[in-house]
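Residue numbers (this note's numbering): 6 to 107.
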């Protein structure tokens, strides 16, 4: 999954000439990885099964709060690429979102 999605992200960035993002991803690449030019995913992060509704809601909230915790925005819905606005019923998201309702 990680290698496939990383390849899709890199291909997209190259296709739309997003040099700034590519240079950032290149700067994050670990020197021990000789087979890749860019670092998309964090090391050691492995998928975990979401087994119930409460856990899913917790994960969605965690993702929504990341830009807030990083100090980029004051509220989750202020982050341009967040689905938080969709969950608040707003229709001005950058990407199409299928809401999880359980």
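Even for Gly, the Cβ is constructed at its ideal location relative to N, Cα and C.
Since we're looking at a predicted model, the values are computed, not measured.
Where residue i falls: helix, strand or coil (DSSP)
i          : result
residue 69 : helix
residue 30 : helix
residue 59 : helix
Cβ-Cβ distance between residue i and residue j below 7 Å
i           : j          : result
residue 61  : residue 55 : yes
residue 104 : residue 91 : yes
residue 44  : residue 58 : no
Minimum Cβ-Cβ distance from residue i to chain D less than 7 Å
i          : result
residue 92 : Checking the listed chains, one finds no chain D in this structure; it contains a single protein chain.
Buried or exposed (CB count within 10 angstroms, at least 16 for buried), residue i
i          : result
residue 81 : buried
residue 84 : buried
Proximity winner among the options, relative to residue i (alpha-carbon distances)
i           : options        : result
residue 40  : 27, 8, 86, 65  : 8
residue 106 : 97, 93, 35, 99 : 93
residue 51  : 97, 12, 100, 6 : 6
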